[in-house]
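Residue numbers (the numbering used here): 3 to 313.
Worksheet for the structure shown next.
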Amino acid sequence: SSWEDRGAARIVTKETDAAGNVITKVQKKSVRDFEFTKELGDGSYSTVMLGTDTTTGTVYAIKMLDKRHIIREKKVKYVNIEKNALNKLNKARGIVHLYYTFQDQRSLYFVLEYAPNGELLSLIKKYGSLTVEACHYYSAQLIDVIDYMHSHGVVHRDIKPENILIGSDNTILVTDFGTAKIVDRQDDGSFPTDIRASSFVGTAEYVSPELLNDKYCGMPADVWAFGCIVYQMIAGKPPFKGSNEYQTFQKVIKLQYAFSAGFPTVVRDLVKRILILKPRDRLTVAQVKAHFWFRDVNWEDGSVWDTAPPE
Ligand code: ADE
Numbered sequence: 003s004s005w006e007d008r009g010a011a012r013i014v015t016k017e018t019d020a021a022g023n024v025i026t027k028v029q030k031k032s033v034r035d036f037e038f039t040k041e042l043g044d045g046s047y048s049t050v051m052l053g054t055d056t057t058t059g060t061v062y063a064i065k066m067l068d069k070r071h072i073i074r075e076k077k078v079k080y081v082n083i084e085k086n087a088l089n090k091l092n093k094a095r096g097i098v099h100l101y102y103t104f105q106d107q108r109s110l111y112f113v114l115e116y117a118p119n120g121e122l123l124s125l126i127k128k129y130g131s132l133t134v135e136a137c138h139y140y141s142a143q144l145i146d147v148i149d150y151m152h153s154h155g156v157v158h159r160d161i162k163p164e165n166i167l168i169g170s171d172n173t174i175l176v177t178d179f180g181t182a183k184i185v186d187r188q189d190d191g192s193f194p195t196d197i198r199a200s201s202f203v204g205t206a207e208y209v210s211p212e213l214l215n216d217k218y219c220g221m222p223a224d225v226w227a228f229g230c231i232v233y234q235m236i237a238g239k240p241p242f243k244g245s246n247e248y249q250t251f252q253k254v255i256k257l258q259y260a261f262s263a264g265f266p267t268v269v270r271d272l273v274k275r276i277l278i279l280k281p282r283d284r285l286t287v288a289q290v291k292a293h294f295w296f297r298d299v300n301w302e303d304g305s306v307w308d309t310a311p312p313e
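Dropping the structure here:
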């Protein structure tokens, strides 16, 4: 029921009538306000459609979830986590914006910002790999948005190139918070460091060794995934990839990966300091930001998000 009660579902418009009185109209968005055109993506629990608000002409990506399927598969908790995480992070650059949520008898709907330039994965596949400049541009945005999520108590737990969309200005938009963990600050103001995962979360190629070994999945797991993605942007393939999930897991827990001869030295140094088995010994987000690879980045002035993307 809280689905529609939240502010996100309500549009408040102010109109002035002939006598000069201001009339506040509260209007709820519903599925009838949108025209659905094409399918953008399809997952086990959801379908994303391109949808146009017929009154404003604005285009959105609308994620639809079948209620019966969600209940049958016991995913209600994850749908709520996704909504809560997006609402918590909604003011930031680099996070896909959630405009409205509503439901009808059959489905739940998330009206999301439309990312017209597709997934980072498609970009890597299209070019085979990215240039050092492009890798620098996207990796700076990615670590900045991970920093933002963590400082708001959200661990994403499934960061991968499919979940990194490219917006209209070519900056990244992280999506898919269905497997996120929202943590509360402790009495001393810090976030807990031992977050246990009750079941497997994530994707084999980007899963951290601590999740496989100890079912532990905290903030360092997002940094591990970041390291895998930086490697992939340069190499064209993720560092750990077996012929099946089990083989991939084996490679992860044995730290079995290698750099090709031409892999740039600075990026290699960064990746080496991130792909470390023990989460305590891995670079933290702050240490990643302070690495030599990002020596020319000003993290305070927004230039990470406002600079034009490389060719
Ligand atoms: N596919 C899934 N979510 C999307 C979005 N927000 N924009 C474009 N394509 C998507």
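Every residue, glycine too, gets a C-beta built ideally from N, C-alpha and C.
Original post:
According to the Cβ coordinates, are isoleucine 161 and aspartate 224 closer than 7 angstroms?
Top reply: Yes, Cβ-Cβ distance for isoleucine 161 and aspartate 224 is below 7 angstroms.
Original post:
Between leucine 100 and the ligand ADE, is the CB less than 6 angstroms from at least one heavy atom?
Top reply: no
**OP:** Could you tell me which uninterrupted beta strand (DSSP E) segments, each at least 3 residues in length, are contained entirely in the stretch 99 to 145, listed from first to last along the chain?
**Re:** DSSP runs (the beta strand (DSSP E)) wholly in the stretch 99 to 145: 100 to 105 and 109 to 115.
**OP:** List the whole-angstrom C-beta distance separating lysine 27 from threonine 39, where the pair is believed to meet the contact cut-off of C-beta under 8 angstroms.
**Re:** Between threonine 39 and lysine 27 the Cβ distance is about 28 angstroms, and since that is not below 8 angstroms, they are no contact.
Original post:
When every heavy atom of the ligand ADE is checked, does at least one fall within less than 6 angstroms of the C-beta of tyrosine 111?
Top reply: Flag unset: Cβ of tyrosine 111 not near the ligand ADE.
Subject >> DSSP-derived helix/strand/coil call for alanine 314 >> reply: What the structure shows of the chain is the stretch from 3 to 313, and residue 314 is not part of that stretch, so it cannot be assessed.
**OP:** Check each candidate in Asn165, Ile126 and Lys291 and name the one with the smallest Cα separation from glycine 333.
**Re:** No statement about residue 333 is possible, as the shown extent of the chain runs from 3 to 313 and does not include it.
Original post:
Can we count valine 50 as close to the ligand PLP, meaning its CB is less than 6 angstroms from some heavy atom?
Top reply: Judged by which ligands are present, the ligand PLP is missing from the structure shown, whose ligands are the ligand ADE.
**OP:** Have a look at the DSSP bridge pairing and note the partners of glycine 53.
**Re:** Phe38 and Tyr62
**OP:** Would you check whether the ligand ADE has a heavy atom nearer than 6 angstroms to the C-beta of glycine 238?
**Re:** No, the Cβ of glycine 238 stays beyond 6 angstroms of every heavy atom of the ligand ADE.
Original post:
Any heavy atom of the ligand ADE within a distance shorter than 6 angstroms of the CB on tyrosine 47?
Top reply: no
Original post:
Relative to the C-alpha of lysine 280, which residue among Leu213, Asp186, Pro241 and Ser131 is closest?
Top reply: Nearest of Leu213, Asp186, Pro241 and Ser131 to lysine 280, Cα basis: Leu213.
Original post:
Under the DSSP definition of a beta bridge, which residues are partnered with lysine 76?
Top reply: Answer by DSSP bridge pairing: none, since lysine 76 is not bridged.
Original post:
Per DSSP, what kind of secondary structure is tyrosine 248 in: helix, strand or coil?
Top reply: helix
Original post:
With asparagine 165 and valine 176 assumed to form a contact (beta carbons below 8 angstroms), what rounded beta-carbon distance in angstroms separates them?
Top reply: 6 angstroms
Original post:
If we cut at 7 angstroms on Cβ distances, does glycine 304 have a partner in chain C?
Top reply: Looking for chain C here will not work: only one protein chain is present.
**OP:** Look up valine 299 in the DSSP assignment and say whether it is helix, strand or coil.
**Re:** coil
**OP:** May I ask you to check if the CB of glycine 220 is nearer than 6 angstroms to at least one heavy atom of the ligand ADE?
**Re:** no
Original post:
Beta carbon of leucine 114: closer than 6 angstroms to some heavy atom of the ligand ADE?
Top reply: yes
Original post:
For valine 147, does the three-state DSSP call read helix, strand or coil?
Top reply: helix
Subject >> Where tyrosine 233 falls, given that 16 or more other Cβ within 10 Å makes a residue buried >> reply: Buried, because 16 or more other Cβ atoms sit within 10 Å of the Cβ of tyrosine 233.
**OP:** Please determine, among Ala182, Thr181, Pro222 and Gly204, the residue with the shortest C-alpha to C-alpha distance to aspartate 196.
**Re:** For the set Ala182, Thr181, Pro222 and Gly204, the Cα lying nearest the Cα of aspartate 196 is the one of Pro222.
Original post:
Which residues in the same chain have their Cβ closer than 8 angstroms to the Cβ of alanine 10, if we skip the five residues on either side of it in sequence?
Top reply: Low local confidence applies: a pLDDT of 46 at alanine 10 is under 50, so the model's placement there is unreliable, with the coordinate-based value given in what follows. Answer for alanine 10: Asn89, Leu100, Tyr101, Tyr102 and Thr103, listed in chain order.
Original post:
Can you list the alpha helix (DSSP H) stretches of 4 or more residues lying completely in the stretch 248 to 280, in chain order?
Top reply: 267 to 276
**OP:** With a 10 Å radius around its C-beta and 16 neighbouring C-beta atoms as the bar for buried, classify aspartate 7 as buried or exposed.
**Re:** Because the pLDDT of aspartate 7 is 43, which lies under 50, any placement of that residue in the model is unreliable, and the question is left without a value.
Original post:
How about alanine 292: is its Cβ closer than 6 angstroms to a heavy atom in the ligand ADE?
Top reply: no
**OP:** Name the residue from Arg34, Thr54, Thr60 and Ile64 whose alpha carbon lies nearest to the alpha carbon of leucine 42.
**Re:** Ile64
Original post:
Any heavy atom of the ligand ADE within a distance shorter than 6 angstroms of the CB on alanine 21?
Top reply: Remark: the C-beta of alanine 21 is outside contact range of the ligand ADE, defined as less than 6 angstroms to any heavy atom.
**OP:** Could you have a look at aspartate 314 and say whether DSSP puts it in helix, strand or coil?
**Re:** Coverage of the chain is limited to positions 3 through 313, which leaves residue 314 absent and any answer about it impossible.
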